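Asker:
Number of protein chains: 4
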Amino acid sequence: MHFFSDNNAPAAPAVLAAIEAANAGMALAYGADEWSERLDECFSRYFDTPVRAFAVATGTAANALSLATLVPPYGEIFAGEQAHVLRDECGAVELQSAGARLTRLPAPAGLLPATELAQWLADHPVSLHSPQPAAVSITQASECGTVYQPRQIGELSEVCRQHGLVLHMDGARFANALATLGLAPAELTWRCGVDVLSFGATKNGAIGAEAVVFFDPERARDFELRRKRAAHLLSKMRYLSAQLLCCLEQPFFLQNAVRANHLAARIGASAGARLLYPVQANAVFLAFRPGEKQALRERGFGFYDWGPPRGDAGRFVVSWNQDEADVAALCEALAAWS
Amino acid sequence: MHFFSDNNAPAAPAVLAAIEAANAGMALAYGADEWSERLDECFSRYFDTPVRAFAVATGTAANALSLATLVPPYGEIFAGEQAHVLRDECGAVELQSAGARLTRLPAPAGLLPATELAQWLADHPVSLHSPQPAAVSITQASECGTVYQPRQIGELSEVCRQHGLVLHMDGARFANALATLGLAPAELTWRCGVDVLSFGATKNGAIGAEAVVFFDPERARDFELRRKRAAHLLSKMRYLSAQLLCCLEQPFFLQNAVRANHLAARIGASAGARLLYPVQANAVFLAFRPGEKQALRERGFGFYDWGPPRGDAGRFVVSWNQDEADVAALCEALAAWS
Amino acid sequence: MHFFSDNNAPAAPAVLAAIEAANAGMALAYGADEWSERLDECFSRYFDTPVRAFAVATGTAANALSLATLVPPYGEIFAGEQAHVLRDECGAVELQSAGARLTRLPAPAGLLPATELAQWLADHPVSLHSPQPAAVSITQASECGTVYQPRQIGELSEVCRQHGLVLHMDGARFANALATLGLAPAELTWRCGVDVLSFGATKNGAIGAEAVVFFDPERARDFELRRKRAAHLLSKMRYLSAQLLCCLEQPFFLQNAVRANHLAARIGASAGARLLYPVQANAVFLAFRPGEKQALRERGFGFYDWGPPRGDAGRFVVSWNQDEADVAALCEALAAWS
Amino acid sequence: MHFFSDNNAPAAPAVLAAIEAANAGMALAYGADEWSERLDECFSRYFDTPVRAFAVATGTAANALSLATLVPPYGEIFAGEQAHVLRDECGAVELQSAGARLTRLPAPAGLLPATELAQWLADHPVSLHSPQPAAVSITQASECGTVYQPRQIGELSEVCRQHGLVLHMDGARFANALATLGLAPAELTWRCGVDVLSFGATKNGAIGAEAVVFFDPERARDFELRRKRAAHLLSKMRYLSAQLLCCLEQPFFLQNAVRANHLAARIGASAGARLLYPVQANAVFLAFRPGEKQALRERGFGFYDWGPPRGDAGRFVVSWNQDEADVAALCEALAAWS
């Protein structure tokens, strides 16, 4: 009963089918194939506005390359304290941006409040000597399994605009946020001020495919050169692009997220007072009493610790293909303790 | 009739089958899966010596990350003038190494002679002020479709040892070199002094999978951190590793190279005086008379110019899946002009 | 009446005299001159242990190059929230280290407690995905005009040793700390676990000269190459080295610091409840009532705001050459408000 | 009899006097002082056009920072094979530019012909995969002691304009070129198409002061942030600026160069067939018969080898303060061998 990570799930059948369909005959390399050439159009339709979209193989690449395109080497990027770009990318943003600063801000339950950003900017005057504030990165759905409301994103965007900052969204679990909010993709991106999105497909059923989506095509500037230089322009790009196209165009992708969110909510509902954060996507975070984590593991539940090592919290991620029986068993175990 | 690039070919059926076979159930992410955990052992058997092997998605990543692991930021890397690392990676080595210098040396027919390297080193004294010579990168099979003999590699290695340089081999078409030389993989790598290899599978039938192979496991040092930071540690790494395993363990991989080399040799044999370099792998380079390139293209042959734009040379690459009829037609066209 | 910064003071007469004395005849460039060749010996005597010492022109260069020598590109460096490396060097550490992460920790009154460091390390498990903890940087005297006791440094050093971190000291105002503590230079550096020191001379009477001092000469490894590459190896290095030698060997240097500290203490004693931090070096930080800052400025006192723009605090730095009358006037003005 | 390098010479009396004159009272740090604030105006007058000028302490800083301001990380910079930026800066350009490529071109006698540049650009098509040509760097006077005529610079500039490249001049010995050509500073810079100049004062009599001069002030863009981040914004900047001002405004500076050039010409006239390059500045390059270098050294002449170690050539640099008797003795020794 595997709740470690949605990265551990296999690919959805539709994704494998799309790869096989793309495996026919010759196709120009490096993105000049018919699949890759449809990305801009397909993402533009998905987001209901003209965008530039670029495929990469990992979410870290999407985050680091999109930020590096928009931020100078002496720039400063603000992110919530739990942000993947801060804690789980081993300095990828710094590499691609040639040394931009990542500054962490408090982000209760994984969500960065606009007031925290505004307060920091008010307290830290900018000069020739300081890093130069340049961007904000938020994660939707967040690393704590919570979701920004469009209004909250709009407030962040307002602060960004006042200070000349770019707003980046790490959407490794964008589909889960969509499923939760029940809104069109446009509603939680450019319509509330997001400038660039790392659109994730891998965790929700792809083999390995993410996209960088620039809502202002002008801003895509030198992204292609940066992607190539970062060794993220694949020669046989068609296989990446085909994955993305089928995720955007077929219903399974949103359905996967809806299903995973629903199962996570069931776990959350059984968790009672153990719940650390509201369950708004496909992950559940629980604070246990002594011995409980050990007991669950002995009963076959696999999950990672959350927070300090040897602390009392655990993270349970529901994958798109999670067996309902796993979830039922976990709910039962939790309910028995309540 | 598509002779543009072996990057344009689809994946071999065995590779797709391996991906499908890997698509079962949960598997730990980031390389802790059962496929990835077999890489070291499988590559060690392939090379008949204990190695460390790491999967990445592109050859550029393999080249840049392996060199960056072995070279300081103020290091100097020597490469032949046609080298992919120099001309076709948009500065990837410089990015990953934080600014190492690539110094080009003459390399007739794509092969860097040990004498050129030795001469440069003799002529350029090293001081605190100069870049610090640190590595040599050679391409096997070369960008000109030629192949280093083990003796030639050994001579380069000897110069490297005298000057404390590391010897890197860009093996994007390593299988083609193997097929040509009819030797065991060990014979053209560590036995003649290669320290680290970028092992290519993509061009010869994979969807997108390359490996960095360190013949001295000690040298792998911080490769894993560098790969992660470069966003080349895939979450669902199993799909990359499964491709590599099937290429190493199944006969199709060497057969693909043998076949492509053979077809290229047929083209070469028809080319007569137009031949620019000996045909020793799966590519043929031809110098045409005025109008001939245009004539071939009008008859449906697709190929890239070679050398200066609007020059008279062309490159024809035979892919693993090339239709024999394409080759026959090209041979006929060339023979008719002889 | 100029209390803006000790960077605004001129050079001490002894420093100018040393420069003139060095201006005789030819001298080998790039540090092979007789002055530069004495640096190691002179700093070793000063610190009562064999050290390697290197001259640079700015404190930012000293900080960034010493940290970059000791920290990998994916390393993490911890510093107190007021640290100059964090706030006032525009990303210099990130540039020289090729992207290391600077992580800020709470540092009341400018001093980073060992407990904060230990807590962070306990709370943030290290993995392949995270930045790799590599160093701690503390400032002595601190940016708040306070001073670490050797015991406090020893506690930090103990945490560093447990986690394999290097301990760096930004000693832009090292002389002021020495003057306050009345200890030998060894007592607040290597004897309590400091691995590398940025030794400042500029603020205390030099024209522009700082030194990087490695207490473990092995650790100096490639510093010289990094300094050269950073364009901080001056051709006429004798003028920098001569400044440093005279600061180490002549009494004016410590006397300057004693005098400035003494004058700052007088201001502090007049400040009453306005005092933000204890006065332990040559700077005084005051929190004013509305209108008071304006009133002081109108009476001719020059000083910078401290903290948020339009906040109520101000910073007063006493320079080595500060006119006593300036101080007396300021004390009088402050006392009148008490 | 010291002919090693003009970097070994002391500072001119006027420069020391300027430093002393600047050493009076308080002055705002980081370039807000009265000397630094005059730089733009003073350099604009010197070059007879509105420029932005920035002081740095080393020529390497001037070169690397000016190029980094104008070139992206994936940019390619062309330079003659003897260029200081290529051979004697340990990768400084790569550091500041975050990895731009330096491509060497043939440069007979140290001068890069426009035809070589044009030929390279014609032969190397630019694509997404290649480094992106971005700048040319030439050295005036060159590393071989020769001088570009304005017409030659104009031809290079013409090729640059056709390909969208920036033209940078490394003027570490700019005064020597001025002295040789007898032209106004404008004539060998912006009037023939130079975009940015590293203006050298150190070798010709300063203690350590160079300037970056942007002939298009718009291009200075983020230079100040890059200089700060590189730790080349000195706190007590007045001492650097005062050196530059006195070099521009007092006659000694050009006189120094005229004198050194004249003495070098005398050596050249005595050298006969040993002369490697025409003597057009303050350096003389000689090819000796076996044993001659040794003989000269035994007679007390100090000079560096030129070219390969243990080769037969030597470099003799005349410093601004060179004793005429040294020159006479060298001329005599050479003439005796003719």
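Chains as they are written, first to last, in our numbering: chain A, 1 to 338; chain B, 1001 to 1338; chain C, 2001 to 2338; chain D, 3001 to 3338.
Don't be surprised by glycine CBs; every beta carbon is placed ideally from N, CA and C.
Remember, it's a predicted structure, so these values are computed and weren't measured experimentally.
#1: Counting C-beta neighbours from all protein chains within 10 Å, is the total for Q2294 of chain C 16 or more, i.e. buried, or is it exposed?
#2: Are the beta-carbon atoms of G340 of chain A and G2099 of chain C separated by less than 7 Å?
#3: Please report the distance separating the alpha-carbon of A3186 of chain D from that of F3215 of chain D.
#4: Is F2303 of chain C near F2316 of chain C, with beta carbons less than 7 Å apart?
#5: Could you list which residues in chain D have their beta carbon closer than 7 Å to that of M2026 of chain C, in chain order?
#6: Which stretch, first to last residue, makes up the beta strand (DSSP E) that contains Q140 of chain A?
#7: Please report whether the beta-carbon of L2275 of chain C lies at a distance below 7 Å from any beta-carbon of chain A.
#8: Please confirm if the segment 264–284 of chain A is in contact with the segment 307–325 of chain A, defined as three or more CB-CB distances below 8 Å between the two stretches.
#9: Indicate whether G1145 of chain B and Y1277 of chain B have their beta-carbon atoms separated by less than 7 Å.
#10: In this structure, how does DSSP classify G1075 of chain B when only helix, strand and coil are distinguished?
#11: Starting from V3213 of chain D, follow its DSSP beta bridges and name the residues at the other end.
#12: Note down, one range per segment and in chain order, each beta strand (DSSP E) of at least 3 residues found wholly within the segment 226–300 of chain A.
#13: What is the DSSP secondary structure of P2152 of chain C, counted as helix, strand or coil?
#14: For a contact meaning CB atoms closer than 8 Å, what does R1238 of chain B contact in chain C?
#15: Leaving out five residues before and five after N3321 of chain D in sequence, what residues of the same chain have Cβ atoms less than 6 Å from its Cβ?
#16: If we cut at 7 Å on Cβ distances, does R2151 of chain C have a partner in chain A?
#17: Just to confirm the assignment: which complete beta strand (DSSP E) runs, minimum length 3, are found wholly within the segment 2102–2147 of chain C?
#18: Can you give the Cα-Cα distance for T2189 of chain C and Q2152 of chain C, rounded to whole angstroms?
#19: What residue range does the alpha helix (DSSP H) around L70 of chain A cover?
#20: Could you tell me which residues DSSP puts in a beta bridge with H1002 of chain B?
#21: Hey, is L2977 of chain D's beta-carbon within less than 7 Å of any beta-carbon in chain C?
#22: Could you name the residues of chain C that R229 of chain A contacts, counting a contact when the two beta carbons are closer than 8 Å?
#23: Beta-carbon of C90 of chain A versus every beta-carbon of chain B: anything under 7 Å?
#24: By DSSP, does V3166 of chain D sit in helix, in strand, or in coil?
#25: Report the neighbours of L2102 of chain C on chain A: residues whose CB is nearer than 8 Å to its CB, in chain order.
#26: For Q3162 of chain D, does the count of other Cβ atoms within 10 angstroms reach 16, so buried, or fall short, so exposed?
#27: Considering only C-alpha positions, which residue in the set B:Q1096, B:H1129, B:Q1149 and B:L1128 is nearest to A1114 of chain B?
#28: Would the beta-carbon of E2143 of chain C fall within 7 Å of that of G2164 of chain C?
#29: Please list the terminal residues of the continuous alpha helix (DSSP H) segment that includes R3315 of chain D.
#30: May I ask you to verify whether the segment 1241–1249 of chain B touches the segment 1016–1035 of chain B, counting CB pairs closer than 8 Å and requiring at least 3?
#31: For A61 of chain A, which residues from the same chain have a beta carbon less than 6 Å from its beta carbon, with the 5 sequence-adjacent residues on both sides left out?
#32: What does the Cβ neighbour count give for A3021 of chain D, buried or exposed, with the cut at 16 atoms within 10 Å?
#33: So with Cβ pairs under 7 Å, would you call G3300 of chain D a contact of chain C?
#34: Anything in the segment 1105–1125 of chain B with a Cβ closer than 7 Å to a Cβ of chain D? List those residues in chain order, please.
#35: Name the one or two DSSP bridge partners that G80 of chain A has.
#36: Would you give the residue range spanned by the alpha helix (DSSP H) that P3013 of chain D belongs to?
Answerer: Taking the definition as stated:
#1: Counting from one through the third sequence, the residue named residue 2294 of chain C turns up at place 294. Q2294 of chain C is exposed by the Cβ-count criterion.
#2: Past the edges of chain A, shown from 1 to 338, lies residue 340 of chain A, and the structure says nothing about it.
#3: Mapped onto the fourth sequence, residue 3186 of chain D falls at position 186. Mapped onto the fourth sequence, residue 3215 of chain D falls at position 215. Distance between the alpha carbons of A3186 of chain D and F3215 of chain D: 10 Å.
#4: On the third sequence, residue 2303 of chain C is found 303 positions in, with the first residue counted as 1. On the third sequence, residue 2316 of chain C is found 316 positions in, with the first residue counted as 1. Yes, Cβ-Cβ distance for F2303 of chain C and F2316 of chain C is below 7 Å.
#5: Locating residue 2026 of chain C in the third sequence gives position 26, counting from the first residue. What M2026 of chain C touches in chain D: H3002, N3008 and A3009.
#6: Here residue 140 of chain A refers to the residue found at position 140 when the first sequence is read from its first residue. That residue, Q140 of chain A, is in no beta strand (DSSP E); it is neither H nor E in DSSP.
#7: Translated into the one-based positions of the third sequence, residue 2275 of chain C becomes position 275. Chain A, which has no Cβ nearer than 7 Å to the Cβ of L2275 of chain C, makes this no.
#8: With a cut-off of 8 Å, the segment 307–325 of chain A and the segment 264–284 of chain A count as touching, because enough Cβ pairs lie within range.
#9: Here residue 1145 of chain B refers to the residue found at position 145 when the second sequence is read from its first residue. Here residue 1277 of chain B refers to the residue found at position 277 when the second sequence is read from its first residue. With contacts defined by Cβ atoms closer than 7 Å, G1145 of chain B and Y1277 of chain B form a contacting pair.
#10: To locate residue 1075 of chain B, count along the second sequence from 1; it is residue 75. For G1075 of chain B, the three-state secondary structure derived from DSSP is strand.
#11: Taking the fourth sequence and counting its residues from 1, the one referred to as residue 3213 of chain D is at position 213. Bridge partners of V3213 of chain D: D:A3053 and D:L3197.
#12: For the segment 226–300 of chain A, whole beta strand (DSSP E) runs of length 3 or above, ordered along the chain, are 283–287.
#13: Your numbering for residue 2152 of chain C matches position 152 in the third sequence. The identity of residue 2152 of chain C in the sequence shown is Gln, whereas the question assumes Pro. Under the three-state reduction of DSSP, Q2152 of chain C is assigned to helix.
#14: Indexing the second sequence from 1 puts residue 1238 of chain B at position 238. By Cβ distance, chain C contributes nothing, its closest Cβ being about 17 Å from R1238 of chain B, past 8 Å.
#15: Looking up residue 3321 of chain D in the fourth sequence gives position 321. Within the same chain, N3321 of chain D has close Cβ partners A3009.
#16: As a position in the third sequence, residue 2151 of chain C is number 151, starting the count at 1. Output row for R2151 of chain C: interface = no.
#17: Within the segment 2102–2147 of chain C, the complete beta strand (DSSP E) runs of at least 3 residues are 2132–2139.
#18: Here residue 2189 of chain C refers to the residue found at position 189 of the third sequence. Here residue 2152 of chain C refers to the residue found at position 152 of the third sequence. When the Cα atoms are used, T2189 of chain C and Q2152 of chain C turn out to be separated by approximately 12 Å.
#19: Taking the first residue of the first sequence as 1, we reach residue 70 of chain A at position 70. Per DSSP, L70 of chain A belongs to the alpha helix (DSSP H) from G59 to L70.
#20: The residue labelled residue 1002 of chain B in the question sits at position 2 within the second sequence. DSSP, once it has assigned bridges, lists B:G1302 as partnering H1002 of chain B.
#21: The question about residue 2977 of chain D has no answer here: the residues shown for chain D are numbered 3001 through 3338.
#22: For this step, residue 229 of chain A is matched to residue 229 along the first sequence. Those do not exist, as R229 of chain A stays about 15 Å from chain C at its closest Cβ, beyond 8 Å.
#23: Sequence index remark: in the first sequence, residue 90 of chain A carries index 90 (1-based). Between C90 of chain A and chain B, the shortest Cβ-Cβ separation is below 7 Å.
#24: As a working note, residue 3166 of chain D is residue 166 in the fourth sequence. In this structure, V3166 of chain D counts as strand in the three-state DSSP scheme.
#25: The sequence position of residue 2102 of chain C within the third sequence is 102, counting from 1. Residues of chain A with a Cβ closer than 8 Å to the Cβ of L2102 of chain C are, in chain order, R101.
#26: To locate residue 3162 of chain D, count along the fourth sequence from 1; it is residue 162. That one is exposed.
#27: For the purposes of this step, residue 1114 of chain B is identified with residue 114 of the second sequence, where counting begins at 1. For the residues B:Q1096, B:H1129, B:Q1149 and B:L1128, the minimum Cα distance to A1114 of chain B belongs to B:Q1149.
#28: Here the question's residue 2143 of chain C lines up with position 143 in the third sequence. Here the question's residue 2164 of chain C lines up with position 164 in the third sequence. It is not a contact, given that the beta carbons lie outside the stated cut-off.
#29: Here residue 3315 of chain D refers to the residue found at position 315 of the fourth sequence. Premise fails: R3315 of chain D lies in the beta strand (DSSP E), A3313 to V3317, not in any alpha helix (DSSP H).
#30: Between the segment 1241–1249 of chain B and the segment 1016–1035 of chain B there are three or more inter-stretch CB-CB distances shorter than 8 Å, so the stretches are counted as touching.
#31: One-based indexing of the first sequence puts residue 61 of chain A at position 61. H232, listed in sequence order.
#32: For the purposes of this step, residue 3021 of chain D is taken as the residue at position 21 of the fourth sequence. With fewer than 16 other Cβ atoms within 10 Å, it is exposed.
#33: As a first step, residue 3300 of chain D must be located in the fourth sequence, where it is residue number 300. Taking 7 Å as the threshold, the shortest C-beta distance from G3300 of chain D to chain C does not fall below it.
#34: If you check each beta-carbon in the segment 1105–1125 of chain B against every beta-carbon of chain D, the ones closer than 7 Å belong to A1122, D1123 and P1125.
#35: Start at 1 with the first residue of the first sequence, and residue 80 of chain A comes out as number 80. DSSP lists A:L105 as partners of G80 of chain A.
#36: On the fourth sequence, position 13 is the one that residue 3013 of chain D refers to. Run containing P3013 of chain D: P3013 to A3022, per the alpha helix (DSSP H) assignment.
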